[in-house]
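Residue numbers (the working numbering), protein chains in the order written: chain A, 1 to 253; chain B, 254 to 506. Yeah, the Cβ is synthetic: ideal placement off N, Cα and C, and Gly gets one too. What follows is a short report on a single structure.
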DNA sequence: AAGTGGTCTAGACCACATC
DNA sequence: ATGTGGTCTAGACCACTTG
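So, in structure tokens, the structure goes:
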């Protein structure tokens with residue numbers, strides 16, 4: 001038996017090696033990373049998206065599932081679909097276990113003290129980490145993190161300018177103990193992804209004195225690059241803490 | 254408008270808070286972890302599974318997608334669906350970067366030399382790690398891993414008995430440089446998941462001499478627990494290497 | 001050519017959250 | 001009560017892999 005006409009109409013735009021759902025996802029991914037869809041805002045209902053794009057519900061759902069897996073949207077049953085907000089942070093403390101009473105992994109947010117805040121010329125290494133094409137100014141912070149009053153982590157932070165310039169116009173006491181929520185609130189910079197590189201080192205004399213440890217004491221050094229929704233690197237951070245307190249668990253497969 | 258009869262028949266087994274696809278996945282998950290479906294073997298085609306269980310193709314696919322995400326099956330377009338085999342290993346070397354010529358992350362499999370192989374009574378810590386209810390015998394291995402002839406990692410390994418007893422009946426030279434493939438081939442134990450716990454420590458005098466380092470030298474200590482398909486812990490491994498060569502990258506979100 | 005997984009449709013019904 | 005995402009069906013067609 002042959003058919004004179006296909007039972008189903010072919011897709012209006014003939015897929016160029018790209019599945020329909022992948023195309024929709026790409027389109028919406030761009031809307032998010034470009035900021036046209038604001039972080040935290042609601043996305044149109046599946047049904048409505050399906051009508052708008054003349055696609056079946058299942059196809060729309062497949063596209064949304066892809067974006068959800070990428071962490072760009074969050075779906076809430078019976079409520080709606082929302083553009084991802086900035087991560088509150090990937091606590092540096094998860095790399096350490098300081099035996100402060102509780103033996104459970106520390107859940108408290110460490111107190112933050114900003115030691116220094118100034119604009120400096122980016123070194124070659126910093127420029128590379130922040131994808132700066134030319135030598136350019138960056139915002140440099142030194143920050144001490146304390147747990148139960150005891151200094152535990154020393155952070156050296158470089159932030160992209162002019163994106164993060166608004167931090168300069170507020171006293172650091174107003175930032176709160178977490179940097180990323182402050183970046184989102186004050187600068188409109190939403191940190192969405194980060195990459196931590198861990199190695200072992202020894203404390204310089206000045207670094208050691210901040211942490212109340214002897215010079216040359218072994219430390220863990222965590223080098224982080226943080227990226228905004230568009231994938232642009234916005235922060236480089238070097239965090240140092242006592243090597244004896246370092247503890248990290250990796251799940252394989 | 255009311256309907257005298259539902260357009261679609263209700264599921265034969267009324268879901269007890271469990272989605273149909275989740276039930277199918279649970280059933281097949283059990284078949285895999287119990288060994289009824291052998292690692293590497295082919296699973297029946299989607300169409301056939303759908304007929305067998307009187308379910309729609311989409312539902313079967315949803316169940317299989319779940320198992321694929323868990324790493325229990327592997328799907329190959331145009332070929333078939335296969336039960337996952339044992340992982341070849343989560344190379345310990347991924348935690349280290351030894352500057353042997355190439356600066357790229359070492360991809361070569363390090364040579365293995367078994368220093369010691371014997372049956373010992375499990376200590377309390379080992380018994381806990383391997384979920385042994387009573388004090389029981391375990392297979393203890395000491396192994397040195399070499400890169401370009403240079404000793405780089407020292408491993409202390411405890412294996413569950415009697416599961417891994419077959420290793421005792423073959424000369425260690427026949428095992429090859431990777432333990433997990435040997436466990437699968439000789440013992441029928443398929444390592445499917447592992448958990449690595451990282452910390453910094455100092456080398457004891459005997460350990461240091463094996464690695465050609467001075468006693469007290471800082472080292473990275475990776476404590477691994479490896480699990481078979483059923484989730485049973487089968488291996489505990491302590492790996493030590495020069496802390497200065499330690500380097501690890503974590504992706505957040 | 002035959003068999004497999006991957007995409008897409010069109011629709012019904014269910015479960016959850018909010019007003 | 002209404003609207004949202006989640007489940008399920010039944011079927012057609014596409015793309016890939018192998019004999």
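Near residue i, which residues of its chain fall below 6 Å by C-beta distance, leaving aside the five closest residues on each side in sequence?
| i | result |
| --- | --- |
| residue 86(A) | 180, 184, 190 and 191 |
| residue 447(B) | 343, 477 and 479 |
| residue 160(A) | 130 and 234 |
| residue 81(A) | 43, 73 and 75 |
| residue 120(A) | 140 |
| residue 484(B) | none |
| residue 289(B) | none |
| residue 375(B) | 385, 389 and 391 |
Note the first and the last residue of the continuous alpha helix (DSSP H) segment covering residue i.
| i | result |
| --- | --- |
| residue 70(A) | Looking at the DSSP string, residue 70(A) is not in any alpha helix (DSSP H), and its letter there is neither H nor E. |
| residue 28(A) | 20-33 |
| residue 179(A) | 179-182 |
| residue 381(B) | 377-382 |
Spell out whether any CB of chain A is found under 8 Å from the CB atom of residue i.
| i | result |
| --- | --- |
| residue 497(B) | yes |
| residue 299(B) | no |
| residue 492(B) | no |
| residue 247(B) | Because residue 247(B) is not part of the residues shown, which for chain B are 254 to 506, the question remains open. |
| residue 309(B) | no |
| residue 504(B) | yes |
| residue 446(B) | yes |
| residue 288(B) | no |
Can you look up residue i in the DSSP assignment and give me helix, strand or coil?
| i | result |
| --- | --- |
| residue 210(A) | helix |
| residue 172(A) | helix |
| residue 403(B) | strand |
| residue 333(B) | strand |
| residue 315(B) | helix |
| residue 52(A) | helix |
| residue 96(A) | strand |
| residue 412(B) | strand |
| residue 42(A) | strand |
| residue 145(A) | strand |
| residue 185(A) | helix |
Between which residues of its own chain and residue i is the CB-CB distance below 8 Å, once the five residues before and five after are set aside?
| i | result |
| --- | --- |
| residue 67(A) | 25, 28, 29, 32 and 73 |
| residue 248(A) | 94, 95 and 198 |
| residue 208(A) | 214, 215, 216 and 217 |
| residue 61(A) | 46 |
| residue 440(B) | 416, 417, 418, 419 and 420 |
Please work out which residues of its chain come closer than 7 Å, Cβ to Cβ, to residue i, disregarding the five sequence neighbours upstream and downstream, and give them in chain order.
| i | result |
| --- | --- |
| residue 144(A) | 113, 115, 151, 154 and 210 |
| residue 126(A) | 138, 158 and 236 |
| residue 255(A) | Residue coverage of chain A in this structure runs from 1 to 253, which leaves residue 255(A) outside it and unanswerable. |
What first and last residue would you give for the beta strand (DSSP E) that runs through residue i?
| i | result |
| --- | --- |
| residue 493(B) | 486-495 |
| residue 227(A) | 218-228 |
| residue 201(A) | 191-202 |
| residue 136(A) | First-last for residue 136(A): undefined, no H or E at that position. |
| residue 87(A) | No beta strand (DSSP E) contains residue 87(A), which DSSP labels as neither H nor E. |
| residue 500(B) | 500-505 |
| residue 115(A) | 111-121 |
Would you say residue i lies against chain B (beta-carbon separation less than 8 Å)?
| i | result |
| --- | --- |
| residue 286(A) | Nothing can be reported for residue 286(A): it is not among the residues displayed for chain A, which extend from 1 to 253. |
| residue 196(A) | yes |
Residues of the stretch 199-227 of chain A whose Cβ lies closer than 8 Å to any Cβ of chain B, in chain order: Residues of the stretch 199-227 of chain A with a Cβ closer than 8 Å to any Cβ of chain B, in chain order: 199, 200, 218 and 220.
Near-chain A residues of the stretch 327-354 of chain B - C-beta to any C-beta below 7 Å: Taking 7 Å as the Cβ-Cβ cut-off against chain A, the residues of the stretch 327-354 of chain B that qualify are 340 and 343.
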